[in-house]
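Comments concern the structure below.
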Amino acid sequence: MPLKEKNWLWPLRLGLLLVLFGGILQALPAQAAAISCGECHDQITTDYGHTYHGRAGLAQGFDCLACHGPDERHLNDPSRENIVSYGKNSIQTITEQNQLCLECHKSTPEVSLWEMSRHCHNDVACVNCHKIHSRNSKVNEPAVCYTCHRDLRLAFNKISHHPIVEGKIKCSDCHNSHGTLTPKMLTDDDLNQLCYRCHAEKRGPFAWEHPPVSENCAICHDPHGSRHEKLLKDKVANLCQDCHNADLHSSRAYDAGSGFAKAKRAGSIGFAGRSCLNCHGNIHGSTHFEKRAFTR
Ligand code: HEC
Ligand code: HEC
Ligand code: HEC
Ligand code: HEC
Ligand code: HEC
Ligand code: HEC
Ligand code: HEC
Ligand code: HEC
Ligand code: HEC
Ligand code: HEC
Numbered sequence: 025m026p027l028k029e030k031n032w033l034w035p036l037r038l039g040l041l042l043v044l045f046g047g048i049l050q051a052l053p054a055q056a057a058a059i060s061c062g063e064c065h066d067q068i069t070t071d072y073g074h075t076y077h078g079r080a081g082l083a084q085g086f087d088c089l090a091c092h093g094p095d096e097r098h099l100n101d102p103s104r105e106n107i108v109s110y111g112k113n114s115i116q117t118i119t120e121q122n123q124l125c126l127e128c129h130k131s132t133p134e135v136s137l138w139e140m141s142r143h144c145h146n147d148v149a150c151v152n153c154h155k156i157h158s159r160n161s162k163v164n165e166p167a168v169c170y171t172c173h174r175d176l177r178l179a180f181n182k183i184s185h186h187p188i189v190e191g192k193i194k195c196s197d198c199h200n201s202h203g204t205l206t207p208k209m210l211t212d213d214d215l216n217q218l219c220y221r222c223h224a225e226k227r228g229p230f231a232w233e234h235p236p237v238s239e240n241c242a243i244c245h246d247p248h249g250s251r252h253e254k255l256l257k258d259k260v261a262n263l264c265q266d267c268h269n270a271d272l273h274s275s276r277a278y279d280a281g282s283g284f285a286k287a288k289r290a291g292s293i294g295f296a297g298r299s300c301l302n303c304h305g306n307i308h309g310s311t312h313f314e315k316r317a318f319t320r
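Each residue of the sequence shown is one higher than the one before, starting from 25 at the first, in the numbering used here.
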């Protein structure tokens, strides 16, 4: 049988190689399969040594079959049926593919809640984001996210946006793609805790709190991007008037029917644009001793 003969010869040839390179013989069992695969998959095997798993495998003693196993039948009978492969053309299901990665990675803290993630429930594969045979193991954010979340490319290009395009923050600062205990796979215990991580001054403590602020920043802000200033979900006056009576002092919205001129005529303060904020400047809470309606 040709295979048996081959296997038998392997240690000899390998030994020779290692002696040539003055390498350590300890690496021998781990390398055996890699070199057999290399007979037919030349390029990918050569490059493998420069990949993250190539190096990790050398240190920890695993090889190609850790991911492409379960056994060596494919060496003998090189068909797709005899090997685990990944991606669109794989004959394994996505769950089966992911499961092989999780053999080793369910103990990686960042990945441990995978089974609870929206990505898992929607049949997203590890290899949709991770390129194992690439020298650069970093996930190509945000480009890879946009392949499925197309609307977010638009969001992050709006006039006001978190600086993803500028490279100052990444999706993974706010989301753990492998799942978390928080809705929307946020990287903190809840939405506000996430915002406080980078905007600590909004946590207070304030003498006078504005209830929606401590409740949920996303009542007023879109976390991705907005066509209104400061990531606000709506024009300031409209936003405020979702909750505050429009008949309050000056709080009538600026529109065709009640423009500046008309407002002036009516003797009201009249406002446009930043309006409410001109006077209520400490909208996230006030540290004034007196209660002054968040004015400065
Ligand atoms: C004798 C030559 C030979 C050897 C040795 C060999 N392969 Fe293959 N391999 C092939 C051929 C030919 C195909 C394509 C089979 C097909 O398309 O049906 C293939 C396909 C594959 C695929 C699927 C590629 C795809 O497009 O999905 C993977 C993964 C793979 N081999 C990995 C390995 C690994 C890992 C080893 C070592 C354990 C190995 N091969 C050893 C010849 C070989
Ligand atoms: C940590 C898991 C892992 C290890 C270890 C690994 N591979 Fe792969 N391999 C993958 C994944 C995932 C893909 C799918 C493409 C990608 O993500 O880069 C793949 C794709 C392939 C393909 C198909 C590539 C193509 O373009 O058609 C071949 C062939 C292959 N691997 C061979 C090997 C060989 C040979 C080794 C050892 C030298 C090896 N793999 C080690 C995970 C692994
Ligand atoms: C045989 C065990 C094993 C298997 C199977 C395995 N990995 Fe790994 N992987 C490791 C080890 C070891 C490391 C090094 C870091 C560590 O100790 O967690 C690592 C690191 C990584 C990293 C981090 C790279 C970096 O730049 O920090 C990613 C991403 C990763 N693996 C993804 C995968 C994916 C996707 C699969 C399935 C295709 C997979 N792994 C299969 C053992 C494995
Ligand atoms: C939706 C995209 C996506 C999917 C799907 C995904 N990952 Fe990741 N993964 C990331 C990002 C983003 C990072 C962190 C940034 C980086 O490494 O560039 C990461 C990091 C990792 C790390 C390194 C963690 C660390 O910092 O130590 C491992 C290991 C890993 N992923 C394994 C997996 C495994 C296993 C699966 C499938 C069960 C998987 N990933 C699915 C996007 C993804
Ligand atoms: C500054 C933190 C932050 C950054 C950066 C961020 N997100 Fe989000 N994302 C959130 C928050 C917070 C929510 C939840 C919003 C809510 O519940 O109202 C969310 C929700 C989502 C949702 C759920 C659907 C939706 O639109 O509400 C998806 C999908 C998403 N983000 C993907 C991404 C991707 C992809 C990136 C990178 C291109 C990204 N996010 C960058 C904080 C962020
Ligand atoms: C292969 C497609 C795909 C890729 C790539 C992808 N996602 Fe997703 N993502 C989905 C699907 C499908 C859902 C579930 C449906 C939905 O909520 O839109 C989802 C949902 C989400 C959610 C919402 C979670 C929830 O609880 O509602 C967030 C956040 C998210 N993805 C972030 C990311 C980030 C960050 C990246 C890039 C690192 C990314 N996704 C890459 C397909 C993908
Ligand atoms: C990982 C850090 C980080 C997290 C988490 C974060 N931000 Fe930011 N945020 C930034 C950076 C960086 C800027 C840009 C500041 C600058 O350029 O001066 C910014 C700017 C803003 C702005 C001003 C935008 C503008 O157009 O000027 C608002 C509003 C904002 N963030 C709200 C939030 C909210 C709400 C959350 C929680 C959902 C949040 N941020 C979470 C880093 C973060
Ligand atoms: C009631 C609506 C509302 C809520 C809730 C809210 N904000 Fe704001 N936020 C605003 C308004 C209005 C502005 C614009 C203020 C200005 O330009 O003076 C703003 C501006 C900002 C800015 C940019 C300017 C600055 O002051 O640094 C950041 C950052 C910010 N908010 C973070 C947060 C965080 C974090 C939360 C949750 C803890 C939050 N906001 C909750 C209304 C709100
Ligand atoms: C989600 C609802 C909500 C939104 C949106 C909202 N507020 Fe409030 N606001 C409240 C609640 C609740 C209180 C506390 C109850 C009260 O004292 O009437 C409050 C209190 C106030 C007060 C202090 C009242 C006092 O008696 O001292 C001012 C001023 C105020 N808001 C202005 C604004 C402005 C300006 C905006 C728009 C940037 C805004 N609010 C957006 C819910 C909201
Ligand atoms: C010209 C300055 C100015 C503008 C513009 C302004 N306010 Fe006020 N507002 C005040 C002052 C001053 C008070 C405190 C009145 C008091 O304590 O008697 C106040 C009080 C309030 C209160 C508490 C009222 C109460 O009776 O408890 C709310 C709510 C409020 N403003 C909302 C708004 C909203 C919403 C807008 C924009 C649509 C707005 N304000 C625009 C100056 C202004």
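Just so it is clear, CB atoms sit at the ideal spot from N, CA and C, and this is done for glycine as well.
Quiz item: Roughly how many angstroms lie between the CA atoms of Cys300 and Arg177, to the nearest whole one?
Solution: Our two residues, Cys300 and Arg177, have alpha carbons roughly 31 Å apart in a direct line.
Quiz item: For Ser201, is the classification buried or exposed, using 16 other Cβ atoms within 10 angstroms of its Cβ as the cut-off for buried?
Solution: buried
Practice problem: Report the three-state DSSP secondary structure of Leu205 (helix, strand or coil). | Solution: In the structure shown, Leu205 sits in coil (DSSP, three-state: anything other than H, G, I, E or B).
Self-check item: Beta carbon of Thr204 nearer than 9 Å to that of Ser141
Solution: In this structure, Thr204 lies near Ser141, with their beta-carbon atoms less than 9 Å apart.
Exercise. Would you mind stating whether Cys195 and Glu165 have Cβ atoms separated by less than 9 Å?
Key: yes
Quiz item: Thinking just about the alpha-carbon of each residue, which of Lys208, Thr75, Thr70 and Tyr110 is nearest to the one in Asn160?
Solution: Thr75
Practice problem: Would you identify the three-state DSSP class for His245, choosing helix, strand or coil? | Solution: strand
Self-check item: Thr69 classed as buried or exposed, judged by whether at least 16 other C-beta atoms fall within 10 angstroms
Solution: Buried is the call here.
Quiz prompt | Residues near Val135 in its chain [Cβ-Cβ closer than 8 Å; skip 5 each side] | solution = Leu126, His129 and His202
Quiz item: In terms of residues, what are the limits of the alpha helix (DSSP H) holding Ile68?
Solution: From DSSP, the alpha helix (DSSP H) with Ile68 extends over Asp66 to Tyr72.
Quiz item: Is the number of C-beta pairs between the segment 103 to 113 and the segment 181 to 188 that are closer than 8 Å three or more?
Solution: no
Quiz item: Would you call the segment 111 to 123 and the segment 145 to 152 touching, i.e. three or more CB-CB distances under 8 Å?
Solution: Contact holds: three or more Cβ-Cβ distances are below 8 Å.
Exercise. Starting from Ser238, trace the alpha helix (DSSP H) both ways and give me its first and last residue.
Key: Pro235 to Glu239
Self-check item: Sequence-distant residues of its chain with Cβ nearer than 6 Å to Leu99 (five each side left out)
Solution: Ser60
Quiz item: Hey, Lys208 and Gly249: beta-carbon distance below 9 Å or not?
Solution: no
Quiz item: Looking at C-alpha atoms only, which residue of Lys254, Glu253 and Tyr220 is the closest neighbour of Glu239?
Solution: With distances taken between Cα atoms, Glu239 lies closest to Tyr220.
Quiz item: Less than 9 Å separating the beta-carbons of Lys133 and Cys198?
Solution: Here residue 133 is Pro; the residue named in the question, Lys, does not match the sequence. Contact flag unset, no.
Practice problem: Counting only the same chain and skipping the five closest in sequence on each side, list residues whose C-beta sits under 7 Å from that of Glu253. | Solution: Ser184
Quiz item: Identify the residues that DSSP records as bridge partners of Leu210: which are they?
Solution: His199
Exercise. Find out if the Cβ-Cβ distance for the pair Ile307, His245 is shorter than 9 Å.
Key: no
Self-check item: In DSSP terms, what Leu256 is bridged to
Solution: His245
Quiz item: Quick one: Cα of Asn262 to Cα of His268, how far?
Solution: 9 Å
Quiz item: For ligand 6, any of its heavy atoms closer than 8 Å to the Cβ of Arg79?
Solution: Every heavy atom of ligand 6 is 8 Å or more from the Cβ of Arg79, so no.
Exercise. Spatial neighbours of Pro236 within its chain, please: CB distance less than 8 Å, with the 5 preceding and 5 following residues excluded, ordered by chain position.
Key: Contacts found: Ile243, Cys244 and Cys267.
Practice problem: Check the C-beta distance from Cys241 over to Leu215 and give it rounded, since I have them as a contact under 8 Å. | Solution: 6 Å
Self-check item: Runs of alpha helix (DSSP H) lying entirely within the segment 74 to 127, each at least 4 residues, in chain order
Solution: 76 to 84, 89 to 92 and 97 to 100
Quiz item: From Pro94 to Ile107, what does the alpha carbon distance come to, in whole angstroms?
Solution: 7 Å
Exercise. Measure how close the beta-carbons of His312 and Trp232 come, nearest whole angstrom, since I'm counting them as under 8 Å.
Key: 7 Å
Quiz item: Hey, how far is the Cα of Asn146 from the Cα of Gly228?
Solution: 39 Å
Quiz prompt | heavy atom of ligand 10 below 8 Å from Gln123 C-beta | solution = no
Exercise. Helix, strand or coil for His129, going by three-state DSSP, please let me know.
Key: helix
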